[in-house]
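Visitor:
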Amino acid sequence: MKSASELSIEDPGLDSIEAQQRKQYMVDLFVTQAKNYDLHDDIYGLYAHRLWVLSLLRVVKSFMQGRSSARMLDLACGTGFVTFNVARKHSNIDIDGFDISPDMIAVARERYEKGFKERDFNFWVGDSEIAYAENKYDIVTTSFAFRNFANKNLATENVFKALKPGGVFIIQDLTKPERQPLKGLYLFYMKRILPVITRMLGTEKTAAAWLYKSIQMMPRNAELKALLESKGFGGVYYKSMTMGIACLVVGYKPQEQAAR
Ligand SMILES: C[S@@+](CC[C@H](N)C(=O)[O-])C[C@H]1O[C@@H](n2cnc3c(N)ncnc32)[C@H](O)[C@@H]1O
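Quick note: to get my numbering, add 5 to the position in the sequence shown (first position is 1).
Shown next, in the form of structure tokens:
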């Protein structure tokens, strides 16, 4: 068996058909889903993501200790689930968020206008795989999105570039449970129950199959750790949540180190 450091995650390339199709699928998927995304997420995930986000918030809280302010990027922010969770807890964090789906960004902007207008936040449509900033952010989060990126190396390199030295990168996502009996139950839920729920809620009909496929394509925690380390991150650690259904991966851009 290969050690974590020998595992590699291949990028198909920015211009590859796979990457183009995946990005277009994301844009198309959320045209109809964006408005109901938050409600549907609660139903499909049985509110689990509201529990999982607490781990991410604990990392942010500990990072903020001794700091008076910070600038954060919520990468692939969707409707702003993490953005607004962090915003509620930390009035001293200014947050940017971008996402490849214009419809998700429209909902994030609406939420901002309704409840956070006095804060210095910016939302725009963008692609995580194309460089967007240099030494700008103290914190970059990406939640339930990393598994969707076709070019995970590029996405990680871009985060490294965008972070200030000492900044933290927090990935939160779904993973595949490896142990029985949960593995079997989970597969049953994904393949048999979820498609029925999505049909009942009128979700785009390929959504359940995509969710399952994207989780299968998500690297294991040790592979993610190796990926972050290969791009220059230090202090990388991960935590498996709810018996392997989700993960939290955290890494820091060293104070003195150039991107590899
Ligand atoms: C399951 S949603 C999660 C949204 C949000 N982060 C949350 O926690 O609710 C995945 C998001 O990733 C976005 N996404 C997928 N590929 C992307 C890419 N290459 N660049 C930016 N956003 C992307 C999708 O448009 C979608 O909004």
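Here a beta-carbon is modelled for each residue, glycine too, at the ideal position from N, C-alpha and C.
(1) Just to check, is the beta-carbon of V5 closer than 7 Å to a non-hydrogen atom of ligand 1?
(2) Since K258 and F165 should fall inside the 8 Å C-beta cutoff, what is the C-beta to C-beta distance between them, to a whole number of angstroms?
(3) Consider the C-beta atom of D104 and the heavy atoms of ligand 2; say whether any pair is separated by less than 7 Å.
(4) Is it right to say E261 is buried, meaning 16 or more other beta carbons lie within 10 angstroms of its own, or is it exposed?
(5) Could you say which of E134, F89, R55 and E123 lies nearest to D20 if we only look at CA atoms?
(6) At a cut-off of 7 Å, is K40 close to ligand 1 when judged by its beta-carbon and the heavy atoms of the ligand?
(7) Say yes only if the C-beta of E162 is nearer than 7 Å to one or more non-hydrogen atoms of ligand 1, and no if none qualify.
(8) List, from N- to C-terminal side, the alpha helix (DSSP H) runs of 4 residues or more that fit wholly inside the stretch 143-188.
(9) Which term fits K218, buried or exposed, when burial requires 16 or more other beta carbons within 10 angstroms of its beta carbon?
(10) Per DSSP, F128 is paired with what?
(11) Any heavy atom of ligand 1 within a distance shorter than 7 Å of the CB on S60?
(12) Can you tell me the Cα-Cα spacing of M77 and F86, whole angstroms?
(13) Using the rule of at least 16 other Cβ atoms within 10 Å of the residue's Cβ for burial, across every protein chain shown, is A136 buried or exposed?
(14) Could you give the residue range of the alpha helix (DSSP H) that holds Y30?
(15) Take G50 and list the residues in its own chain whose beta-carbon comes closer than 6 Å to its own, dropping the five residues that flank it on each side.
(16) With a floor of 4 residues, list each alpha helix (DSSP H) that falls wholly inside the stretch 198-244, ordered by position along the chain.
(17) Going by the C-beta, is C82 closer than 7 Å to any heavy atom of ligand 1?
(18) Should D20 be listed as close to ligand 1, given that the test is whether its C-beta is under 7 Å from any heavy atom?
(19) Confirm, please, whether the CB-CB distance from F149 to H45 is below 8 Å.
(20) Taking the alpha helix (DSSP H) that M69 falls in, what are its first and last residues?
(21) Quick one: is the Cβ of G240 within less than 7 Å of any heavy atom of ligand 1?
(22) Secondary structure at N137, three-state DSSP: helix, strand or coil?
Guide: In brief:
(1) Absent from the model: residue 5. The displayed extent of the chain is 6 to 265, so no value can be given.
(2) 6 Å
(3) Looking at this structure, you won't find ligand 2 anywhere; what it does contain is ligand 1.
(4) exposed
(5) E134
(6) no
(7) no
(8) 157-167
(9) exposed
(10) G102
(11) no
(12) 14 Å
(13) exposed
(14) I22 to Q38
(15) none
(16) 199-206, 212-222 and 226-235
(17) yes
(18) no
(19) no
(20) A53 to M69
(21) no
(22) The amino acid at residue 137 is misidentified as Asn; the sequence shows Tyr. Looking at Y137 - three-state DSSP - the assignment turns out to be coil, as it is neither helix nor strand.
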